[in-house]
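Q: Please see the structure below; I have some questions.
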Amino acid sequence: MTGLYTLFLKEVLRFFKVSLQTILSPLVTTLLYLLIFSHVLEAHVHVYPGVSYTAFLVPGLVMMAMLQNAFANSSSSLIQSKMTGNIVFILLPPFAYWEFYAAYVAASVVRGLVVGLGVGVGGLWFADLPLAHPFWLLAFAVLGCAVLGAAGILASLWADDYDKMAAVQNFIIVPLTFLSGVFYSIHSLPPFWQAVSRYNPFFYLIDGFRYGFFGVSDVSPAEGLLIVAVCYLALSLATLQLLRSGYKLRK
Amino acid sequence: MIPALHVQSVHKRFGDLHALRGIDLTVEQGEFFALLGPNGAGKTTLISLLAGLSRATSGRLAVMGRDVVDDYRQARRALGVVPQELVYDSFFTVREVLRFQSGYFGIRRNDAWIDELLENLGLADKADAYVRNLSGGMKRRVLVAQALVHKPAVVVLDEPTAGVDVELRQSLWEFIRRLNREGHTIVLTTHYLEEAETLCQRIALLKQGQIIALDTTANLLASHATSQVALRLDPPRLPEALRARLCAAEGEMFRLALQSCGELEGVLASLREAGVAVRDLEVVKPDLEEVFLELVK
């Protein structure tokens with residue numbers, strides 16, 4: 000397991016070495032969202048009884064930051080390695096395809112959790128947050144980061160250049176996170192959009208994560224976790240299969 | 000003894016391009032072996048197949064008896080590859096890169112060997128420098144160190160001295176020779192044919208995905224190129240009997256072809272009979288470049 004551990008460590012150190020860009024920058028951006036939205040909407044929007052809009056917003060933003068950064072970690076590392084050619088240093092050693100997968104996903108989870116923790120602590124300046132169900136909170140956080148870590152590997156295997164990678168980020172990941180209930184409860188949407196939201200796996204992640212804080216959610220956390228777990232398994236199987244076949248890595 | 004490399008009926012196609020057309024090759028343990036050929040001959044493709052960077056369309060390849068597909072973990076542990084492209088990870092220092100690479104091969108504490116590599120490759124004072132800040136030659140040394148970090152039985156160097164200054168070339172070869180003396184098998188591709196001629200015991204010549212010559216360096220030189228003798232004659236006149244051997248003439252200097260050095264005696268006898276004195280004489284040995292050009296033309 001030394002190989003897997005070393006690759007994981009390398010991936011974690013990689014983002015820590017550029018922490019201004021990988022940790023501080025998303026933290027500041029997310030806290031700016033919080034500052035602006037809470038200031039503008041605090042007095043106008045109430046989602047759950049007894050929960051201020053700012054408090055409602057914090058978990059959503061934390062989860063959004065975690066998901067986007069978990070995706071960014073595996074995807075940017077791999078696409079850079081592919082583009083610069085230093086992927087050869089990962090392809091020459093005796094890694095099994097599943098070790099490759101596990102190291103990149105685990106590092107993505109670490110990056111997601113570090114950024115999420117930062118945003119969460121920052122959010123405490125703006126609102127008091129209860130901690131109703133820490134287990135659910137942690138389960139959704141870790142699983143969410145793992146889903147996006149796997150998606151990052153998948154996207155970077157497929158993408159032949161930075162442009163395609165950016166397209167996945169901007170046209171799939173960002174819209175799915177923004178339209179997942181970060182800023183609102185889906186119950187405030189018209190019935191059609193409520194139904195559409197239920198096809199967005201990110202919705203279950205944010206809803207379940209919020210349940211960990213408030214003990215209130217739009218769908219039951221068990222159902223949400225199950226749906227997310229199924230998504231994770233499907234993505235992982237697809238990613239593992241591509242890694243096993245050497246898709247776009249071993250010609 | 001198990002061969003260091005065993006390549007059996009290997010074909011590789013990239014779409015319509017038939018890059019390797021039935022390669023059969025065995026490199027014994029402890030050999031210093033050269034893989035030569037013009038650009039596009041398939042050298043790097045063959046190395047990629049051995050390293051698992053690419054997969055053969057058909058045929059089998061083994062490193063130290065381990066199949067590169069079925070037993071890839073052991074095959075890759077036995078192989079160190081210095082890639083042709085000058086690639087590096089810009090996030091890390093030289094020492095960090097070497098520690099990671101050790102870990103990838105399952106080696107936890109490797110600093111003693113890493114220090115030795117840094118020392119031998121002239122990188123000791125760059126250990127804590129970021130690889131991205133090093134010169135091209137220094138980056139090349141880091142690539143060599145990365146390939147050797149797990150002490151592989153077989154070391155493959157794909158154009159290791161391309162764009163490298165003379166000093167590094169000398170120290171690099173000195174180090175690689177030492178590894179060879181210590182029992183490592185070395186396989187080399189290079190555009191500097193004099194390097195292959197000096198260093199390698201055996202040579203395979205590839206052309207359009209096929210091996211067109213595979214022999215010891217000495218045999219290749221003997222069978223595919225002729226020696227020459229350069230003579231300064233007084234008077235400057237070549238006897239009729241030697242005209243067929245004439246390669247070049249300039250003033251008093253004449254260059255004559257010799258199939259072997261044994262023919263020199265007959266040449267001198269003909270000159271004596273014709274009353275021509277030899278003022279100066281030099282035997283010019285054939286070099287690999289001539290062999291190369293003759294075979295690939």
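In order, the protein sequence lines correspond to chains A and B.
Just so it is clear: in the first sequence, position 88 is 87 by numbering that gives the first Met the number 0, and no numbers are missing.
Just so it is clear: in the second sequence, position 56 is 55 by numbering that gives the first Met the number 0, and no numbers are missing.
The C-beta atom is built at its ideal place from N, Cα and C for all residues, glycine as well.
Quick caveat, the model's predicted, so the values are computed rather than measured.
#1: Anyone know if the C-beta pair for F201 of chain A and L66 of chain A falls short of 9 Å?
#2: Helix or strand or just coil, what does DSSP make of G111 of chain A?
#3: Measure from the alpha carbon of L35 of chain B to the alpha carbon of each residue in B:E27, B:I46, B:Q28, B:G29, then state which is nearest.
#4: To the nearest angstrom, how far is it from the Cα of T5 of chain A to the Cα of F15 of chain A?
#5: By the three-class DSSP mapping on this structure, what secondary structure does G151 of chain A have?
#6: Going by the DSSP bridge assignment, what does K11 of chain B pair with across the sheet?
#7: Where S107 of chain A and L48 of chain B are concerned, what is the direct C-alpha to C-alpha distance, given to the nearest angstrom?
#8: Whole angstroms are fine: how far does the CA of N109 of chain B sit from the CA of Q20 of chain A?
#9: Applying a beta-carbon distance threshold of less than 7 Å, which residues of chain B neighbour L77 of chain A?
#10: Using a Cβ-Cβ cut-off of 9 Å, state whether E289 of chain B counts as contacting chain D.
#11: Which chain A residues are close to A50 of chain B, counting only those with a beta carbon under 7 Å from its beta carbon?
#12: Start and end of the beta strand (DSSP E) containing A247 of chain B?
#13: Residues of chain B with CB under 8 Å from G245 of chain A, in chain order?
#14: If the cut is a Cβ gap below 9 Å, which residues of chain B does G2 of chain A touch?
#15: Can the beta-carbon of K250 of chain A be found less than 9 Å from the beta-carbon of L52 of chain B?
#16: Helix, strand or coil for E194 of chain B per DSSP?
#17: Report the option in B:G105, B:R72, B:D23, B:A144 whose CA atom is closest to the CA atom of V96 of chain B.
#18: Three-state secondary structure (DSSP) at M0 of chain A?
#19: Tell me where the beta strand (DSSP E) around K206 of chain B begins and ends.
#20: Beta carbon of R98 of chain B, beta carbon of L120 of chain B: below 9 Å?
#21: Just verifying my parser: in three-state terms, what is the DSSP assignment at E30 of chain B?
#22: Examine chain B for any beta-carbon lying closer than 9 Å to the beta-carbon of T83 of chain A, and answer yes or no.
#23: Name the chain B residues whose beta carbon is nearer than 8 Å to that of F270 of chain A?
#24: For V80 of chain B, which residues in chain A fall below 9 Å Cβ to Cβ?
#25: Within the 9 Å Cβ cut-off, does R249 of chain A reach chain B?
A: On the basis of the coordinates in this document:
#1: In contact: F201 of chain A and L66 of chain A (Cβ atoms closer than 9 Å).
#2: Look at G111 of chain A here: in three-state DSSP terms it is helix.
#3: With distances taken between Cα atoms, L35 of chain B lies closest to B:I46.
#4: T5 of chain A and F15 of chain A: Cα-Cα distance of roughly 15 Å.
#5: Note: G151 of chain A maps to helix in three-state DSSP.
#6: According to DSSP, K11 of chain B shares a beta bridge with B:L19.
#7: Near 31 Å, if we compare the C-alpha coordinates of L48 of chain B and S107 of chain A.
#8: So the alpha carbons of these two residues sit roughly 32 Å apart.
#9: The premise fails here: L77 of chain A is roughly 13 Å from chain B at the closest Cβ pair, so nothing lies under 7 Å.
#10: Judged by its chain identifiers, the structure shown contains no chain D, and its protein chains are A and B.
#11: Under a criterion of Cβ atoms nearer than 7 Å, the residues of chain A adjacent to A50 of chain B are, in order, L91.
#12: That run of the beta strand (DSSP E) goes 245-249.
#13: R54, listed in chain order.
#14: Within chain B, the residues near G2 of chain A are G102, Y103, F104, G105.
#15: For K250 of chain A and L52 of chain B, yes; Cβs fall inside 9 Å.
#16: Taken through DSSP and simplified to helix, strand or coil, E194 of chain B comes out as helix.
#17: V96 of chain B has its Cα closest to that of B:A144, out of B:G105, B:R72, B:D23, B:A144.
#18: Note: M0 of chain A maps to coil in three-state DSSP.
#19: Going by DSSP, K206 of chain B is part of the beta strand (DSSP E) stretching over 201-206.
#20: The answer is no: Cβ separation not under 9 Å.
#21: Three-state result, E30 of chain B: coil.
#22: Yes, because at least one Cβ of chain B sits closer than 9 Å to the Cβ of T83 of chain A.
#23: Nothing about residue 270 of chain A can be read from this structure; chain A reaches only from 0 to 250.
#24: V87, L91, listed in chain order.
#25: Output row for R249 of chain A: interface = yes.
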